[in-house]
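Okay, so here's the structure we're looking at.
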Amino acid sequence: MSLLLQEPGLLAGDRPARSRTGLLWDVIKNQPSATIGAVILGIFIVLAVLAPVIAPYGLHEQVGPVYGHPSWAHPLGLDDGGIDMVTLLMWGARISLVVGFAATFVSMVIGGTVGLASGYFGGRTDTVLMRITDYFLAIPDVPLMIVVAAIWGPSLFHIIVVIGVLLWTGTARVVRAQVMSVRERAYVKRARSLGAGNLRIILRHVLPQIAPILIASTVLTIAVAIFDETALAFLGLGDPSRISLGKVIENAFQRTAISSGAWWAIVPPGAAVALLILSCSMIGRAMEDALNPRLRVSHLSAKGFRLRPLVGRGRDAV
Amino acid sequence: MRGADYVIKRVAFAVITVFIALVLNFALFRLAPGSAVTNLSRVPHATPETKHAIAKQFGLDKSKGEQFVIYLKQLARGNLGISFENSQPVSKNLRTALSNTLPMVGLGTLFAIVFGTLTGVIAAWRRGTTTEHVTIATALGFYAMPTHWLALMLVIIFAGVFPSGGMVDDFLIDPTWFQHLKDVLYHMTLPASTLALVLYGEYTLIVRSAMLETLGEDYILTARAKGLKPRAIVRKHALRNALLPITTLIAISLGYIVAGSILVETVFSWPGIGRAVYQAVLQRDYPMLQGAFLVLVLSVVFFNLVADLLYFKLDPRIAE
Chain A
1 MSLLLQEPGL LAGDRPARSR TGLLWDVIKN QPSATIGAVI LGIFIVLAVL
51 APVIAPYGLH EQVGPVYGHP SWAHPLGLDD GGIDMVTLLM WGARISLVVG
101 FAATFVSMVI GGTVGLASGY FGGRTDTVLM RITDYFLAIP DVPLMIVVAA
151 IWGPSLFHII VVIGVLLWTG TARVVRAQVM SVRERAYVKR ARSLGAGNLR
201 IILRHVLPQI APILIASTVL TIAVAIFDET ALAFLGLGDP SRISLGKVIE
251 NAFQRTAISS GAWWAIVPPG AAVALLILSC SMIGRAMEDA LNPRLRVSHL
301 SAKGFRLRPL VGRGRDAV
Chain B
319 MRGADYVIKR VAFAVITVFI ALVLNFALFR LAPGSAVTNL SRVPHATPET
369 KHAIAKQFGL DKSKGEQFVI YLKQLARGNL GISFENSQPV SKNLRTALSN
419 TLPMVGLGTL FAIVFGTLTG VIAAWRRGTT TEHVTIATAL GFYAMPTHWL
469 ALMLVIIFAG VFPSGGMVDD FLIDPTWFQH LKDVLYHMTL PASTLALVLY
519 GEYTLIVRSA MLETLGEDYI LTARAKGLKP RAIVRKHALR NALLPITTLI
569 AISLGYIVAG SILVETVFSW PGIGRAVYQA VLQRDYPMLQ GAFLVLVLSV
619 VFFNLVADLL YFKLDPRIAE
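From first to last, the protein sequence lines stand for chains A and B. Just so you know, we're using the numbering used here here: the first sequence kicks off at 1 and counts up by one. Just so you know, we're using the numbering used here here: the second sequence kicks off at 319 and counts up by one.
Written out as structure tokens, the structure is:
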């Protein structure tokens, strides 16, 4: 049972809560939208990981005519090269997820570090780092990604780095705000007066406290990274040797799937991307909602005047 | 005077951002070693005189530092080089493209803001009801769809009803201005709708969150205790205060509109700035790409500044 969900005041409280890292699990368990999101994401991950084992056909294997219709053997039909769409989707999801996770990891490391340093040290460090963040935020990501990807040349590694290096600003801001409040709490000051160094305080006392907001931000960033990969691939900047979901959409678009009436070559890959983004958004938003105490109370609910449970049902309701 | 300070600060921020963008723009294209990127004068099919003229204009034989100064000077005169693709000045191409993009993006964004705000407010107001769940599910759905894919879906669904590409009907001979307007609007339907739907999802979610935060404030409780009607509380107390974060977030999402327009214009062959980016990438038309990037950054910085000043107008306390 989570401390956080039972005691709303704890978030702003003075005591470090040890069970805070269990928040992700609690949110997934208690919020229907997060549960649905986690299930969808889980299915995608399993299919993507097992693609080499369970994909019905080979990724480069022509198994029928160009844009072959859906049939029992090929439930989603064939693409412009006569390749089974189900197989393509599994392998495509694999690359899309790799890009999503890897790029997000890069941006979490940068954003987390900048946010921590900025919030924890304050003063001039804070001013300088936040200035840089502001400028990064003001320059539109996607055009910059396009320019850099176009100049560097298309490769999976470049795409991951480009997306990762441009997506960290939001995380840095969120983490900074959280760190600034944690820094002022009594137990942090106590640790410092006992002689703990900055590194120890950050790793042992600050980082665990901001972990939930960092995870929420991570999950939301994965969605953006997957979208960005799809966009870059659609503009012809994807790695030509790797099939991602974005690449599948691009291929179908470039090779006239629409005018050939082959809806099955273009609807499923986009729907898969939409489902992936949707599932990450649902989990991330549910976590953010649970972490924001200001959202718990509504003084104007539709059905009369009462407090409405936001998180949890029955006994767990806050 | 605090207010003046704030305005000056925001304008200075915008100016510095533009300068950083200029440096980036120069560095990305000219300092990358090798490749065609480093040379603006490699216009295909151009006469030696033209190439020589460009090389001279941009001082391509001088050091990189000097080149940067020359680049800024030429930029001040509106000279962005010659497009590799059609051998026209980049600035001329961009002006045409921008004038095609603005009405389409403007229309889509306007619809998204109006309907997004409306449903966002309703979702927050009817919190916990089926209305809210349906609204949020719809908004999340549109938000999650990749822009270009949604565009393609609209093409499939409305095949034959609305035109799926281009901006004007090429076979319309000598149209009156009214016929021309009708034709452009007709072609604009699908691209503007795509943008509107994607942004609608995002704005609904933003407005709902902002409204939920204000609905938890004590002054709402006070208003309620005074016996005000819920409608009046929402309109006069909640929405007015929620407008502040909404303004900022919509401004931040402008960068996204830019990205969205690239995808939408690519699908619908809309001859705007987004399609210019796409074509430039395909053709490796670096002067054009460089120019288009600059225009995109400038427009985002400009609208961010507008939003900052608007915020100040809405809530002068921000200057404190």
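For every residue, glycine included, the Cβ atom is placed at its ideal position computed from N, Cα and C. Computed from a prediction, not measured in an experiment: that's the story for all the values here.
Which one or two residues does DSSP pair with residue i in a beta bridge?
i         : result
B:Pro-407 : B:Ile-400
B:Phe-480 : B:Ala-477
B:Asp-501 : None, per the DSSP bridge assignment.
A:Asp-84  : A:Leu-78
Given a cut-off of 8 angstroms on the beta-carbon distance, is the pair residue i and residue j in contact?
i         : j         : result
A:Val-273 : A:Thr-230 : yes
B:Gly-590 : B:Met-422 : yes
B:Ser-587 : B:Gly-484 : yes
A:Ala-216 : A:Gly-112 : no
B:Val-275 : B:Gly-592 : Since the displayed chain B opens at 319 and closes at 638, residue 275 of chain B lies outside it and no answer follows.
A:Ile-159 : A:Asp-239 : yes
A:Ser-118 : A:Thr-171 : no
B:Glu-403 : B:Met-606 : yes
B:Thr-335 : B:Val-619 : yes
B:Val-325 : B:Phe-630 : yes
B:Ala-441 : B:Arg-526 : yes
B:Leu-346 : A:Val-165 : no
A:Leu-88  : A:Val-248 : yes
B:Lys-391 : B:Arg-348 : no
A:Ile-401 : A:Gly-100 : In the structure as shown, chain A starts at 1 and stops at 318, and residue 401 of chain A therefore has no counterpart that could be examined.
A:Ala-149 : A:Leu-207 : no
A:Leu-237 : B:Val-452 : no
B:Val-582 : B:Pro-481 : no
A:Ala-103 : A:Leu-167 : yes
Would you please state the rounded distance, in angstroms, between the beta carbons of residue i and residue j? I believe it to be under 8 angstroms.
i         : j         : result
A:Ser-244 : A:Ile-95  : 4 angstroms
B:Ile-575 : B:Leu-517 : 7 angstroms
A:Asp-80  : A:Pro-56  : That pair is no contact at about 19 angstroms.
A:Gly-319 : A:Val-63  : Missing from the structure shown is residue 319 of chain A; chain A here goes from 1 to 318 and no further.
B:Gly-434 : B:Tyr-521 : 3 angstroms
A:Ala-48  : A:Met-90  : 7 angstroms
B:Tyr-461 : A:Ser-281 : 7 angstroms
B:His-505 : B:Val-479 : In fact, because the Cβ distance is near 12 angstroms, the residues do not count as touching under 8 angstroms.
B:Ile-474 : A:Ile-258 : 6 angstroms
B:Ala-625 : B:Ala-569 : 3 angstroms
B:Ala-469 : B:Val-585 : 4 angstroms
A:Gly-270 : B:Pro-464 : 6 angstroms
A:Leu-156 : A:Arg-255 : So it is not a contact: roughly 22 angstroms between Cβ atoms.
Quick one: is residue i near chain C, going by C-beta distance under 8 angstroms?
i         : result
A:Trp-264 : Here chain C cannot be found, since the structure's protein chains are A and B.
List the residues of chain A that residue i touches, going by C-beta distances under 8 angstroms, in chain order.
i         : result
B:His-498 : Result: empty, since nearest Cβ-Cβ is about 27 angstroms, beyond 8 angstroms.
B:Asn-622 : Ala-138
Chain B partners of residue i, CB-CB under 8 angstroms?
i         : result
A:Met-130 : Neighbours of A:Met-130 on chain B: none; closest Cβ ~12 angstroms, over 8 angstroms.
A:Met-282 : Leu-458
A:Phe-323 : In the structure displayed, chain A extends from 1 to 318; residue 323 of chain A sits before or after that span and is not available.
A:Phe-227 : Pro-464
Starting from the beta carbon of residue i, find every residue of chain B whose beta carbon is closer than 7 angstroms, and list them in chain order.
i         : result
A:Val-147 : Leu-346, Leu-607, Phe-611
A:Gly-122 : Simply none; closest approach about 20 angstroms.
A:Tyr-67  : Result: empty, since nearest Cβ-Cβ is about 14 angstroms, beyond 7 angstroms.
A:Leu-230 : For clarity, residue 230 of chain A is Thr in the given sequence; the question names Leu instead. Per Cβ cutoff of 7 angstroms: Pro-464.
A:Ile-277 : Ala-462
A:Gly-236 : Val-599, Leu-600
A:Ala-150 : Val-599, Leu-607
Along chain B, which residues have their Cβ under 9 angstroms away from the Cβ of residue i?
i         : result
A:Pro-273 : Inspection of the sequence shows that residue 273 of chain A is occupied by Val rather than by Pro. What A:Val-273 touches in chain B: Ala-462, Met-463, Pro-464, Trp-467.
A:Ala-55  : Correct list: empty, because the minimum Cβ distance to chain B is about 23 angstroms.
A:Gly-100 : What A:Gly-100 touches in chain B: nothing, since even the nearest Cβ is about 13 angstroms away.
A:Thr-249 : According to the sequence shown, residue 249 of chain A is Ile rather than Thr. Result: Pro-464, His-466, Trp-467, Leu-470.
A:Gly-270 : Met-463, Pro-464, His-466, Trp-467, Leu-468, Leu-470, Met-471
In chain A, which residues lie with their C-beta within 9 angstroms of the C-beta of residue i?
i         : result
B:Ile-338 : Tyr-135, Ala-138, Ile-139
B:Thr-335 : Asp-134, Tyr-135, Ala-138, Ile-139
In chain A, what lies closer than 7 angstroms to residue i by C-beta?
i         : result
B:Ile-474 : Ile-258, Trp-263
B:Leu-614 : Pro-140, Pro-143
B:Val-619 : Ala-138
Contiguous beta strand (DSSP E) assignments of at least 3 residues, all confined to the segment 26 to 77 of chain A = Annotation: the segment 26 to 77 of chain A contains no complete segment of the beta strand (DSSP E) (minimum length 3 residues).
Of all the alpha helix (DSSP H) runs that stay within the bounds of the segment 101 to 166 of chain A, which reach a length of 4 or more residues?
-> Here the runs fully enclosed are 123 to 138, 141 to 152, 156 to 166.
Hey, which unbroken runs of the alpha helix (DSSP H) at 4 residues or more fall wholly within the segment 499 to 580 of chain B?
-> Those alpha helix (DSSP H) runs which fall completely within the segment 499 to 580 of chain B and span 4+ residues are 536 to 543, 558 to 570.
Sequence ranges, alpha helix (DSSP H) only - wholly within the segment 240 to 290 of chain A, length at least 4 | Counting only runs of at least 4 residues, the segment 240 to 290 of chain A fully encloses the following alpha helix (DSSP H) elements, listed from N- to C-terminal order: 245 to 254.
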